[in-house]
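Chains as they are written, first to last, in the working numbering: chain A, 7 to 348; chain B, 6 to 528.
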Amino acid sequence: MPRLFSRLLAPAVLALGATLPALAQEVNLYTHREPGLIKPLLDRFTAETGVKVNVVFAANGLAERIQSEGERSAADLLLSVDVATLTHAVSLGITQPVKTPALEKAVPANLRAADGSWWAMSMRARAFYVSKDRVKDAALTYEDLADPRFKGRVCLRDGLHAYNTSMIAAAIANMGDVKAEEWLKGVRANLSKKPSGGDRDVAKDIASGSCDIGPSNTYYMGLMNRDPNQKAWADAVRVVLPTFRNGGGTHVNISGIVFAKHMKNRDQAIRLVEWLVSPAAQKLYAAQNFEYPVVGGVEPDAYTLSLGALKPDSLSLETVGANRKKASELVDKVGFNLGPQS
Amino acid sequence: MILAAGLVLAALVFAPGLGFLSRMLGPSTGNLFALTPTQFAALRETMWLMAGVAALTASIGVSTAWLVSVHEFPLRRAIDIGLVLPLAFPTYLIAYVAVDLLDFFGPVQSAFRAITGYRLANEYYFPSIRSLPGAVILLSLVLMPYVYVPCRILFTRSGRNIVEAARLLGASGWRLFFRIGLPIAKPAILTGVVLALLETLNDIGAVEYLGVSSLSAVIRDLWLNRFDLAGAARLAGLLIAIVVLLLLINPQSRSGIVPRQAERSSSEPRRVPLSAGKAWAATGFCLLPVALGFVIPVLHLVSRAIRYLGALSMDHELLQAVFATVFIALAVSAVVMICGALIAIAQRVTGVFNRVGPLTMLGYATPGTVLVLAIMPVLGTFDDALVGMGLPALFIGAHAAVIYALSARFLGIGTTQAGLALARLPANVDAVARIHGYGDIRLATRIHWPAIQPGLKLGAILVFIDTVKELPATLLLRPLNVETLATRAYAKASAGMFEHGALDSLLIVAISALAAIALSRRN
Numbered sequence: 007m008p009r010l011f012s013r014l015l016a017p018a019v020l021a022l023g024a025t026l027p028a029l030a031q032e033v034n035l036y037t038h039r040e041p042g043l044i045k046p047l048l049d050r051f052t053a054e055t056g057v058k059v060n061v062v063f064a065a066n067g068l069a070e071r072i073q074s075e076g077e078r079s080a081a082d083l084l085l086s087v088d089v090a091t092l093t094h095a096v097s098l099g100i101t102q103p104v105k106t107p108a109l110e111k112a113v114p115a116n117l118r119a120a121d122g123s124w125w126a127m128s129m130r131a132r133a134f135y136v137s138k139d140r141v142k143d144a145a146l147t148y149e150d151l152a153d154p155r156f157k158g159r160v161c162l163r164d165g166l167h168a169y170n171t172s173m174i175a176a177a178i179a180n181m182g183d184v185k186a187e188e189w190l191k192g193v194r195a196n197l198s199k200k201p202s203g204g205d206r207d208v209a210k211d212i213a214s215g216s217c218d219i220g221p222s223n224t225y226y227m228g229l230m231n232r233d234p235n236q237k238a239w240a241d242a243v244r245v246v247l248p249t250f251r252n253g254g255g256t257h258v259n260i261s262g263i264v265f266a267k268h269m270k271n272r273d274q275a276i277r278l279v280e281w282l283v284s285p286a287a288q289k290l291y292a293a294q295n296f297e298y299p300v301v302g303g304v305e306p307d308a309y310t311l312s313l314g315a316l317k318p319d320s321l322s323l324e325t326v327g328a329n330r331k332k333a334s335e336l337v338d339k340v341g342f343n344l345g346p347q348s
Numbered sequence: 006m007i008l009a010a011g012l013v014l015a016a017l018v019f020a021p022g023l024g025f026l027s028r029m030l031g032p033s034t035g036n037l038f039a040l041t042p043t044q045f046a047a048l049r050e051t052m053w054l055m056a057g058v059a060a061l062t063a064s065i066g067v068s069t070a071w072l073v074s075v076h077e078f079p080l081r082r083a084i085d086i087g088l089v090l091p092l093a094f095p096t097y098l099i100a101y102v103a104v105d106l107l108d109f110f111g112p113v114q115s116a117f118r119a120i121t122g123y124r125l126a127n128e129y130y131f132p133s134i135r136s137l138p139g140a141v142i143l144l145s146l147v148l149m150p151y152v153y154v155p156c157r158i159l160f161t162r163s164g165r166n167i168v169e170a171a172r173l174l175g176a177s178g179w180r181l182f183f184r185i186g187l188p189i190a191k192p193a194i195l196t197g198v199v200l201a202l203l204e205t206l207n208d209i210g211a212v213e214y215l216g217v218s219s220l221s222a223v224i225r226d227l228w229l230n231r232f233d234l235a236g237a238a239r240l241a242g243l244l245i246a247i248v249v250l251l252l253l254i255n256p257q258s259r260s261g262i263v264p265r266q267a268e269r270s271s272s273e274p275r276r277v278p279l280s281a282g283k284a285w286a287a288t289g290f291c292l293l294p295v296a297l298g299f300v301i302p303v304l305h306l307v308s309r310a311i312r313y314l315g316a317l318s319m320d321h322e323l324l325q326a327v328f329a330t331v332f333i334a335l336a337v338s339a340v341v342m343i344c345g346a347l348i349a350i351a352q353r354v355t356g357v358f359n360r361v362g363p364l365t366m367l368g369y370a371t372p373g374t375v376l377v378l379a380i381m382p383v384l385g386t387f388d389d390a391l392v393g394m395g396l397p398a399l400f401i402g403a404h405a406a407v408i409y410a411l412s413a414r415f416l417g418i419g420t421t422q423a424g425l426a427l428a429r430l431p432a433n434v435d436a437v438a439r440i441h442g443y444g445d446i447r448l449a450t451r452i453h454w455p456a457i458q459p460g461l462k463l464g465a466i467l468v469f470i471d472t473v474k475e476l477p478a479t480l481l482l483r484p485l486n487v488e489t490l491a492t493r494a495y496a497k498a499s500a501g502m503f504e505h506g507a508l509d510s511l512l513i514v515a516i517s518a519l520a521a522i523a524l525s526r527r528n
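Following this line, the structure appears as structure tokens:
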């Protein structure tokens, strides 16, 4: 039996354990962002600094994973989209505030937690894609989405998707509970079909003529425009950066990062985050993903600029995050996902 | 000793159950007993979806199995293998492929417009695949083999004598099918339909992508938008209650994919040749599900893979993903079959586990993400125990976490297949062995273990296919820098670039299809 153990089990134990001590300089990144989007950036970081970045991606649930891994967690950083996910991670107690002069200088105060428990890395806007042929308005408000003239012409993805709940959360903050409910009922009445698909499908559906207007994130335009098989969709639509009637600007959300409570590679983690908000990295990120840089003085990609001048809503991101539960309940209450009739 | 081993195993399997219970009992901001309109609608749509999938998988599965078993027609042998192949398609993948093929910009509608001269979608009617009927059809196409395989085995083995007898009495054609075939196939159909429904309840992605509001989507909303994990767990509990009802309704639930009364028989029923017209009609009828559920989607994936060849990473990362996928699937198959065998043998020898067998199906029935959330805290406990014993921590952030979670999930397949194989061994064999002085251990190793082998092989193949396709647990628990084919394809799809993952998707299907062919050869 001892020989059996040493021959068979011991190598297996080693292979399964896979928790080898850190040999070189490295940093462990848990990410809710698709790895293809951040890989070029991380490769550049490794090339410049010699620090290896180990990655695990999942669409959601990584904060819960870090929580249950406790002190044994390998995570140094959690990169996520949507401010509510970041504040949720903070509320789970799996993060620690970190502040450095370089970070405080680079990231504006409204794009980070006051105590340094989360930091924005990039910004995206919830725009409208409208038909070039069938919608002539130069400017639109979020309220217009419920305007009867768009009856049967609005399409969008699942109302409970983070991008939409955040937009609805911002609407609740800007319009108040009662008006926001009326508005969402109006949008529902305007739907051309049940909410489904993804953000790109808004452009696709407009190109096919099955709807004329729908909310979608700006950066998909750049991505579709770059893909020869999707360019026709992008060509059929025009981007309008909507505002709120009370004077509020375009709803923006962020991708951001938190430092794990039990991080083991503190210096490398800080180095990576500081590098991500360096002008060069922000520029690269903007060119790669067509998002808006968070660092002052760094221009978005030329294509993103061509979509229009962004005037972000002045609402604090934490208010938007706090309203997300209300937004989800509202989607539920008005039966938004059930579609136009039923 | 066998009792002890069984108890330890059962404890390991039910540990996630405790994790799940503790999640359910946590503070929730919602109220389970007052379903909101959306939740109620989701429950209703889920019921319709299940009813549709049950009806369609049963009709396709049993009718094709009957034709292939009792009639002779062109391409019959190829079709027999082909009808198992749709099992290789994960539900999320068939949904992406179908939308890609059938939406406005897909080849079907483009060709239609080129012929008719229409330009825009609102100028003509084309049924949308993104609908409840669309979801029913797509899920049924890939889940149909769950009914086909047991029906086929039943008609081949135990059906033989009955069918021959009925023929001697003059029954043939439709009458033979409706009066004899359908009634004797009932247990096999029920068994297959239950498995298909469990997969339906478990689906993440496909149903949502198709715009059907499912309970799984509501569960995700409670968790991700309202951060109400306890509410999510309670709703999942409702889902599991539905499954338990299903298992109770089904008298054959313990017999797994092969019906209990299936007996060994060396020859199939004599196959009656059909007249030329009818024979080709049968060929067409049986080829349709193969074409829609396998051939056409595969061809589409191939064309996508070729078109996006430049964007695909053909490098060592792809090879590593293949390796990781196969390694995890083999490991899970091995663990599930060994544990399944031990539990089945312990059940037979001690009689203690008679009520445990069906309960091991619960892992299979729990929505994947919910199961993972329940397992996560358990992994920490295991590592604490290991470290307490002076051993290295094995689970957190390691392959072992994925293998454990998936083993707990698929254990039901192991216990049912092993139990079934063992049930074919008459009880008096045990008695004879004991008279000859066999103790528990010798009885288990010399008599039961060999008898269990065919069931284990069948079960291992099913678990292997399920693991290759599995997403939520692999995605959430895998170690740093480890990707499987499914996680790679999923990452691309979640960024709205499903076609860039076409090669990974093809490999998932290829690996599963090879295993599915092995399954069909066992008929």
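Glycine is no exception: its CB is placed at the ideal position from the N, C-alpha and C atoms.
Next item on the list: Hey, could you find the ends of the beta strand (DSSP E) Ile212 of chain A is sitting in?
Entry: Position 206 of the first sequence, counting from 1, holds the residue named residue 212 of chain A. Segment 205-214 is the alpha helix (DSSP H) holding Ile212 of chain A; no beta strand (DSSP E) there.
Next item on the list: Check whether the Cβ atoms of Ile247 of chain B and Ala237 of chain B sit closer than 7 Å, and answer yes or no.
Entry: Position 242 of the second sequence holds residue 247 of chain B. Position 232 of the second sequence holds residue 237 of chain B. No.
Next item on the list: Tell me, please, whether the CB atom of Arg135 of chain B is closer than 7 Å to any CB atom in chain A?
Entry: Translated into positions along the second sequence, residue 135 of chain B becomes position 130. At least one chain A Cβ lies under 7 Å of Arg135 of chain B.
Next item on the list: For my contact list, Ser334 of chain A and Arg231 of chain B are in at a C-beta cut-off of 8 Å; report their separation, rounded to the angstrom.
Entry: Taking the first sequence and counting its residues from 1, one reaches residue 334 of chain A at position 328. Taking the second sequence and counting its residues from 1, one reaches residue 231 of chain B at position 226. Rounded, the Cβ-Cβ distance is 5 Å, consistent with contact.
Next item on the list: Could you tell me the distance, in whole angstroms, from the CA atom of Leu206 of chain B to the CA atom of Ala176 of chain B?
Entry: Translated into positions along the second sequence, residue 206 of chain B becomes position 201. Translated into positions along the second sequence, residue 176 of chain B becomes position 171. Distance between the alpha carbons of Leu206 of chain B and Ala176 of chain B is about 40 Å.
Item checked: Where the beta strand (DSSP E) containing Ala133 of chain A begins and where it ends -> The residue you call residue 133 of chain A lines up with position 127 of the first sequence. Its beta strand (DSSP E) spans residues 125-137.
Notebook entry, point to check: At a Cβ threshold of 7 Å, is Asp338 of chain A touching chain B?
Noted result: By 1-based counting over the first sequence, the position of residue 338 of chain A is 332. True, the Cβ-Cβ gap to chain B drops below 7 Å.
Check: Closest to Ala346 of chain B by CA distance: which of B:Trp454, B:Asp208, B:Leu88, B:Leu106 is it?
Finding: The residue labelled residue 346 of chain B in the question sits at position 341 within the second sequence. Closest option to Ala346 of chain B, Cα to Cα, is B:Trp454.
Checklist line | First through last residue of the beta strand (DSSP E) which encompasses Val62 of chain A | finding: Position 56 of the first sequence holds residue 62 of chain A. Where Val62 of chain A is concerned, the enclosing beta strand (DSSP E) stretches over 58-63.
Note to self: Assuming Thr69 of chain B and Leu144 of chain B are in contact, meaning their beta carbons sit under 8 Å apart, how far apart are those beta carbons, in whole angstroms?
What the structure shows: Here residue 69 of chain B refers to the residue found at position 64 when the second sequence is read from its first residue. Here residue 144 of chain B refers to the residue found at position 139 when the second sequence is read from its first residue. Between Leu144 of chain B and Thr69 of chain B the Cβ distance is about 17 Å, and since that is not below 8 Å, they are no contact.
Notebook entry, point to check: Between which two residues does the beta strand (DSSP E) harbouring Ser145 of chain B extend?
Noted result: Within the second sequence, residue 145 of chain B is the residue found at index 140, counting from 1. Counting along the chain, Ser145 of chain B falls outside any beta strand (DSSP E), though it belongs to the alpha helix (DSSP H) covering 137-148.
Next item on the list: Give the residues of chain B in contact with His94 of chain A, contact being defined as C-beta atoms less than 7 Å apart.
Entry: Taking the first sequence and counting its residues from 1, one reaches residue 94 of chain A at position 88. The answer, in chain order, is Phe232.
Check: Assuming Asn116 of chain A contacts Asn486 of chain B under a Cβ cut-off of 8 Å, what Cβ separation, rounded to an integer in Å, is found between them?
Finding: The residue labelled residue 116 of chain A in the question sits at position 110 within the first sequence. The residue labelled residue 486 of chain B in the question sits at position 481 within the second sequence. The pair is not a contact, with the Cβ atoms about 35 Å apart (cut-off 8 Å).
Item checked: Cβ neighbour criterion (16 or more within 10 Å) applied to Glu504 of chain B -> Counting from 1 along the second sequence, the entry for residue 504 of chain B is found at position 499. Buried is the call here.
Check: Thinking C-alpha only, which one of A:Arg232, A:Glu54, A:Lys237 is nearest Lys210 of chain A?
Finding: Within the first sequence, numbered from 1, the residue matching residue 210 of chain A stands at position 204. The shortest C-alpha separation from Lys210 of chain A is found at A:Lys237.
Check: Name the chain B residues whose beta carbon is nearer than 7 Å to that of Phe63 of chain A?
Finding: Here residue 63 of chain A refers to the residue found at position 57 when the first sequence is read from its first residue. Ordered by position in chain B, the residues that pass the 7 Å Cβ test against Phe63 of chain A are Ala496.
Check: What's the gap between the Cα of His38 of chain A and the Cα of Ala498 of chain B?
Finding: Residue numbering aside, residue 38 of chain A sits at position 32 when the first sequence is read from its first letter. Residue numbering aside, residue 498 of chain B sits at position 493 when the second sequence is read from its first letter. Going from the Cα of His38 of chain A to the Cα of Ala498 of chain B covers about 14 Å.
Next item on the list: Flag Asn259 of chain A as yes if its beta-carbon sits less than 7 Å from any beta-carbon of chain B, otherwise no.
Entry: Residue 259 of chain A sits at position 253 when you count from the first residue of the first sequence. By this cut-off, Asn259 of chain A is not an interface position.
Next item on the list: Hey, could you find the ends of the alpha helix (DSSP H) Phe387 of chain B is sitting in?
Entry: Here residue 387 of chain B refers to the residue found at position 382 when the second sequence is read from its first residue. 373-393 is the extent of the alpha helix (DSSP H) around Phe387 of chain B.
Item checked: Simplified DSSP state of Val391 of chain A, which is helix, strand or coil -> Residue 391 of chain A lies beyond the stretch modelled for chain A, which goes from 7 to 348, so this question has no answer here.
Notebook entry, point to check: How about Tyr135 of chain A and Ser198 of chain A: do their beta carbons lie closer than 7 Å?
Noted result: Translated into positions along the first sequence, residue 135 of chain A becomes position 129. Translated into positions along the first sequence, residue 198 of chain A becomes position 192. Their beta carbons are not under 7 Å apart, which means Tyr135 of chain A does not touch Ser198 of chain A by this criterion.
Notebook entry, point to check: Okay, do the region 174-192 of chain A and the region 70-84 of chain B touch, 3+ Cβ pairs below 8 Å being the bar?
Noted result: no
Notebook entry, point to check: For Asn295 of chain A, which residues in chain E fall below 7 Å Cβ to Cβ?
Noted result: The structure shown contains no chain E; its protein chains are A and B.
Item checked: Whether Leu323 of chain A touches Val89 of chain A by CB criterion (7 Å) -> By 1-based counting over the first sequence, the position of residue 323 of chain A is 317. By 1-based counting over the first sequence, the position of residue 89 of chain A is 83. In this structure, Val89 of chain A lies closer than 7 Å to Leu323 of chain A by Cβ.
Notebook entry, point to check: Phe213 of chain B versus chain A: which residues are under 9 Å apart at the beta carbon?
Noted result: In the second sequence, counting from the first residue as 1, residue 213 of chain B sits at position 208. The sequence as given places Glu at residue 213 of chain B; Phe does not occur at that position. Those are Asp164, Ser202, listed as they occur along chain A.
Notebook entry, point to check: Between Val337 of chain B and Leu448 of chain B, what straight-line distance do the alpha-carbon atoms span, to the nearest angstrom?
Noted result: In the second sequence, counting from the first residue as 1, residue 337 of chain B sits at position 332. In the second sequence, counting from the first residue as 1, residue 448 of chain B sits at position 443. Taking the straight line joining both Cα atoms gives about 26 Å.
Check: Does DSSP classify Arg118 of chain A as helix, strand or coil?
Finding: For this step, residue 118 of chain A is matched to residue 112 along the first sequence. In this structure, Arg118 of chain A counts as strand in the three-state DSSP scheme.
Next item on the list: Show which residues of chain A have a CB atom less than 8 Å away from the CB atom of Ala500 of chain B.
Entry: What you label residue 500 of chain B is simply residue 495 of the second sequence in a count that begins at 1. Per Cβ cutoff of 8 Å: Glu40, Gly42, Leu43.
Next item on the list: Only counting runs of 3 or more residues, tell me where the beta strand (DSSP E) segments fall wholly within the region 192-222 of chain B, in order along the chain.
Entry: none
Check: Can you tell me the Cα-Cα spacing of Ala414 of chain A and Leu321 of chain A, whole angstroms?
Finding: Because residue 414 of chain A is not part of the residues shown, which for chain A are 7 to 348, the question remains open.
Check: So, is Thr330 of chain B buried or exposed, given that buried needs 16 or more other C-beta atoms within 10 angstroms?
Finding: Numbered from its first residue, the second sequence carries residue 330 of chain B at position 325. Looking at its Cβ environment, which holds 16 or more other Cβ atoms inside 10 Å, Thr330 of chain B is buried.
Next item on the list: Could you work out which residues of chain B lie near Leu84 of chain A, taking near to mean beta carbons separated by less than 9 Å?
Entry: Stepping through the first sequence from its first residue, residue 84 of chain A is reached at position 78. Per Cβ cutoff of 9 Å: no residues; Leu84 of chain A is ~13 Å from chain B at best.
Note to self: With the cut-off set at 7 Å, would you say Leu279 of chain B and His76 of chain B are in Cβ contact?
What the structure shows: As a position in the second sequence, residue 279 of chain B is number 274, starting the count at 1. As a position in the second sequence, residue 76 of chain B is number 71, starting the count at 1. Result yes, Cβ atoms of Leu279 of chain B and His76 of chain B sit closer than 7 Å.
Checklist line | Neighbour-count burial assignment, Trp179 of chain B, 16 or more Cβ in a 10 Å radius | finding: Translated into positions along the second sequence, residue 179 of chain B becomes position 174. Exposed is the call here.
Margin query: Counting only beta-carbon separations shorter than 7 Å, does Asn60 of chain A have a partner in chain B?
Written below: By one-based count along the first sequence, residue 60 of chain A stands at place 54. True, the Cβ-Cβ gap to chain B drops below 7 Å.
Item checked: Pairwise C-alpha distance: Arg155 of chain A and Cys161 of chain A -> Indexing the first sequence from 1 puts residue 161 of chain A at position 155. Indexing the first sequence from 1 puts residue 155 of chain A at position 149. Computed Cα separation, rounded: 14 Å.
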